[in-house]
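Numbering (our numbering), first residue to last: 173 to 910.
Notes to accompany the following structure.
Below is the structure:
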């Protein structure tokens, strides 16, 4: 048994879990959190990366679940949700059942009631609240991971609303919030009536500094010389970090293009620092990526073969998983990543180098990245169990940048977290949902709720009175809310839109389109509508594309359900939505070639990798579902057409392939090959021999047998089963508290 002393309020079997995880002692912030957890107090833990925040949360979860309670673990990202699910699933030996829930926002997900621990994204947790899932009242502990993302304009308002809502609905539930080191952790703790656990402790010492040509200047102004091997300070800093054969380097760059090009460039140099057996293993690893002709995959294979890799959202989940495992197993020595990695999965390295400390923003092309974000990146340095220390370095491209970087980042303190709830899109969604779910029933209750938010804790509510009034007027004018007997109530439209989890403005766009009386409705018609909603992030037109996209728009003008605007600014946005619809038309084969676009073609035409395509597809399927439900509400008989289009978008196929992709193991690529080989329907496959089916490229005997077994035993083919040639959906993450 663990020798760790547990306070009286902690279930004794928590010690058994520590033993199972090999934990012999607790880090200081973990020990500090035990006492308030044992007393059921709310806790805000603001500690550095890799200092054991997760164990604080898991202790609280275990403590309540072992006593018969239920836990909700809220995370901001799907990748992080998958990681936490895998880690918490290890509690199954204690009889604890863990569920993972994200996406499908128009679903109460009643199966979750039978689980002890539910891991969910912020958006899914908000959706469950909107559906008033009964089991939420039985929750004894709520964990909010990465609570500093209250500061994020996109995710922050949703996180703020669900924390406020849970505190009102279930005030006895313990709240445990995990945060990076921020300037005002005490303010968040004050808002949540929580005890603050603040610590600078790190299990592996972190030395921060600025990398220049030939040297590194650390926070204490000591200087370490770096051998000039290439004349490029970034490359020299990387090679210095791996030259002993045991180090790894993680480099953050702002753009995917530089991420990929730098990885390929370094892959020409790194092999001279590797042994022959390492290179052979890397060659085998590269082969796992397959034989795709996509430019991005060719670059990744080239990089991996040379001991390097890159990681960004353009990669598919499977591809990212291969890179992550290879880096964790120390096969890849140098990994280039975009900053999203810093806020997500756990991939530490001995040395972290931040290549870019500015980024493009609308009002400032070279806007400095916030200190909080840079500190998150630098904090990835130092691998527990492998390194005595970690080095987090920022690249100075010119000598005069040294002082700026030292002052701003190395000696600077992270910014305060500020509420972003005051934005109009956030208020639109969350005010409507409050009325639609009967959490508030009149203006007084609405303002009571707003006064309970982090925004009101930081600001006087009069600052957003004008915005709130404008939003209320919009919701009433568009038929989402109605005044009745001195109270406000959601209409059927308002209730449906809230449960669909879309921006009310998206519903207005869809309704306008459905009422338009378009001359003919085609896949392009429907796709353009959803691409013109605020919930769909559009693809922006580059200058040279404008004529092509405009030409397509006017050629298909009779199919448009939304009027072409005359205002030049509005027309630009309209053309962006046309281009986005053209992207989906290529994906489903509604193009001049009459065949589904390959990954290579999607990358060539739109500069979109498999991960980008999947993300866009998921949003489109969600918005098509919303359109289907609203069409039913408005009495439009379009559900069948929308359902077919949704299936085609989800699987990336022309309509003739729909029967074939109902088979388990058959995705868009194999379905097309079967169709071209003459197997145009299930009956032809049923009559064919296994040997004949197996001759089709990419099928083989095993898949042919699987097809015949499905067709011969009378069972219905399963369209939802993941096909072997489809993208995977989860990333593999190492479970390591230490």
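Just so it is clear, CB atoms sit at the ideal spot from N, CA and C, and this is done for glycine as well.
Quantities reported herein were computed from a predicted structural model and do not represent experimental measurements.
(Q) Give me the DSSP bridge partner(s) of residue 563. (A) 379, 523.
Q: Work out the CA separation of residue 739 and residue 335 for me, nearest whole Å.
A: 41 Å
Q. What does a CB cutoff of less than 7 Å around residue 822 pick up in its chain, not counting 5 residues either side in sequence?
A. Exclusion of the five residues before and after residue 822 leaves 789, 793 as the residues of its chain whose Cβ lies within less than 7 Å of its Cβ.
Q | Delimiting residues of the alpha helix (DSSP H) encompassing residue 338 | A | 328 to 341
Q. Straight-line CA distance for residue 179 to residue 228?
A. 14 Å
(Q) With distance defined between alpha-carbon atoms, name the residue in 472, 220, 652, 566 nearest to residue 199. (A) 220
(Q) What would DSSP say about residue 194, mapped onto helix, strand or coil? (A) coil
Q. Of all the options 707, 778, 660, which has the alpha carbon lying nearest to the alpha carbon of residue 797?
A. 707
Q. DSSP on residue 304, reduced to helix/strand/coil?
A. coil
Q: Alpha carbon to alpha carbon, how far is residue 837 from residue 889? Give it in angstroms, no decimals.
A: For residue 889, the pLDDT reaches just 48, beneath the cut-off of 50, and the residue's location in the model is therefore unreliable, leaving the point undetermined.
Q | Proximal residues to residue 412 (C-beta, below 7 Å), its chain only, five neighbours per side dropped | A | 398, 399
Q) Looking only at C-alpha atoms, which of 748, 565, 201, 841 sits nearest to residue 387? A) 565
Q: Pull up the DSSP beta-bridge partners for residue 656, would you.
A: In the DSSP output, where bridge partners are listed per residue, residue 656 has 659.
Q: Would you mind giving the Cβ-Cβ distance between residue 591 and residue 625, rounded to the nearest angstrom? I have them listed as a contact below 8 Å.
A: 7 Å
Q.
If I measure Cβ to Cβ from residue 820 and keep anything under 6 Å in the same chain, skipping five residues before and after, which residues do I get?
A. Within the same chain, and ignoring the five residues on either side of residue 820 in sequence, the residues whose Cβ sits closer than 6 Å to its Cβ are 760.
Q. Tell me which same chain residues have a C-beta within less than 6 Å of the C-beta of residue 376, skipping the five on either side of it?
A. 554, 556, 559, 562
Q) Apart from the five residues just before and just after residue 440, which ones in its own chain have a Cβ nearer than 8 Å to its Cβ? A) 478
Q: Could you say which of 696, 612, 568, 716 lies nearest to residue 383 if we only look at CA atoms?
A: 568
Q: Could you check what DSSP says for residue 832 in three-state terms: helix, strand or coil?
A: helix
Q) Mind checking residue 393: buried by the 16 CB within 10 Å criterion, or exposed? A) exposed
**Q.** Inter-residue spacing [alpha-carbon to alpha-carbon] between residue 266 and residue 342
**A.** 26 Å
Q: Report back the beta-carbon spacing between residue 222 and residue 374 to the nearest angstrom; my notes put them in contact at under 8 Å.
A: 6 Å
Q.
Can you tell me whether residue 767 is helix, strand or coil according to DSSP?
A. coil
**Q.** For residue 691, the residue or residues it bridges with in DSSP
**A.** Paired residue(s): none; residue 691 is not in a bridge.
**Q.** residue 713 versus residue 485 - alpha carbon distance
**A.** Those two C-alpha atoms are separated by around 20 Å.
Q.
Can you list, in chain order, the residues of its chain with a C-beta nearer than 8 Å to that of residue 718? Leave out the 5 residues immediately preceding and following it.
A. If you ignore the 5 residues before and after residue 718, its C-beta comes within less than 8 Å of the C-beta of 747, all in its own chain and listed in chain order.
**Q.** Presumed contact (8 Å Cβ cut-off) between residue 868 and residue 835, rounded CB distance
**A.** Going by Cβ atoms, the distance from residue 868 to residue 835 rounds to 13 Å, so no, they are not a contact pair.
Q) Who pairs with residue 346 in a beta bridge, going by DSSP? A) For residue 346, the beta-bridge partners assigned by DSSP are 313.
Q | Classification of residue 583 by the beta-carbon crowding that lies within 10 angstroms, buried from 16 upward | A | exposed
Q) Using the rule of at least 16 other Cβ atoms within 10 Å of the residue's Cβ for burial, across every protein chain shown, is residue 765 buried or exposed? A) exposed
Q | Outcome for residue 705 when other beta-carbon atoms lying within 10 angstroms are tallied against a minimum of 16 | A | Residue 705 is buried by the Cβ-count criterion.
Q: Taking the CB atoms as reference points, tell me whether residue 195 and residue 235 lie closer together than 9 Å.
A: no
Q: Pull up the DSSP beta-bridge partners for residue 483, would you.
A: 509
(Q) For residue 727 and residue 711, I'd like the C-alpha separation in whole angstroms. (A) 20 Å
Q | Test item: CB-CB of residue 506 and residue 423 under 9 Å | A | Going by C-beta atoms, residue 506 is nearer than 9 Å to residue 423.
Q: Taking 9 Å as the cut-off, decide whether the C-beta atoms of residue 244 and residue 292 are in contact.
A: yes
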